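S.K.: Okay, handing you the structure first.
Here it is, written out as structure tokens:
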């Protein structure tokens with residue numbers, strides 16, 4: 001890895017701080033005409049390397065999909081399936097009642 005060198009696209013540079021007091025002091029001096037313009041003496045750079053950011057993003061997407069699925073879609077699917085099974089059971093019970101009534105009346109089962 002050391003022989004490959006650094007890939008500048010691998011790192012994210014961002015400013016995490018700066019010389020606010022120095023800026024304010026030079027701003028007052030610039031306002032008084034002692035300096036041409038204000039300046040900061042230093043800035044603090046932050047170097048970030050997040051190789052696992054894609055895995056973290058995928059996890060966020062899965063959570064965003066999974067929460068509505070668990071609380072809205074799945075209960076709706078379960079309710080729909082229960083309703084379908086109840087209607088199927090109701091029709092089977094009605095068919096059995098009809099068959100028993102036909103047998104009691106002396107008619108052969110399965111003939112109309």
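Residue numbers (the numbering used here): 1 to 112.
Here a beta-carbon is modelled for each residue, glycine too, at the ideal position from N, C-alpha and C.
The model shown is predicted, which means the values in this text are computed figures rather than measured ones.
Unbroken alpha helix (DSSP H) runs of length 4 or more, entirely within the region 11-55: which are they?
M.R.: Listed in chain order, they are 20-31.
S.K.: When DSSP labels each residue in this structure, what does residue 60 get in the three-state scheme?
M.R.: Here residue 60 refers to the residue found at position 60 when the chain shown is read from its first residue. Helix, per DSSP.
S.K.: At which residues does the alpha helix (DSSP H) containing residue 104 begin and terminate?
M.R.: As a first step, residue 104 is located in the chain shown; it is residue number 104 there, counting from the start. Unbroken alpha helix (DSSP H) run through residue 104: 74-105.
S.K.: When DSSP labels each residue in this structure, what does residue 7 get in the three-state scheme?
M.R.: Taking the chain shown and counting its residues from 1, one reaches residue 7 at position 7. It is coil, neither helix nor strand.
S.K.: Could you tell me the alpha carbon to alpha carbon distance between residue 10 and residue 67, rounded to whole angstroms?
M.R.: To locate residue 10, count along the chain shown from 1; it is residue 10. To locate residue 67, count along the chain shown from 1; it is residue 67. The alpha-carbon atoms of residue 10 and residue 67 are separated by roughly 33 Å.
S.K.: Is residue 18 closer than 8 Å to residue 44 when the C-beta atoms are compared?
M.R.: Taking the chain shown and counting its residues from 1, the one referred to as residue 44 is at position 44. Taking the chain shown and counting its residues from 1, the one referred to as residue 18 is at position 18. Contact: yes.
S.K.: From residue 54 to residue 63, what distance separates their C-alpha atoms?
M.R.: For the purposes of this step, residue 54 is taken as the residue at position 54 of the chain shown. For the purposes of this step, residue 63 is taken as the residue at position 63 of the chain shown. In a straight line, the C-alpha of residue 54 is about 14 Å away from that of residue 63.
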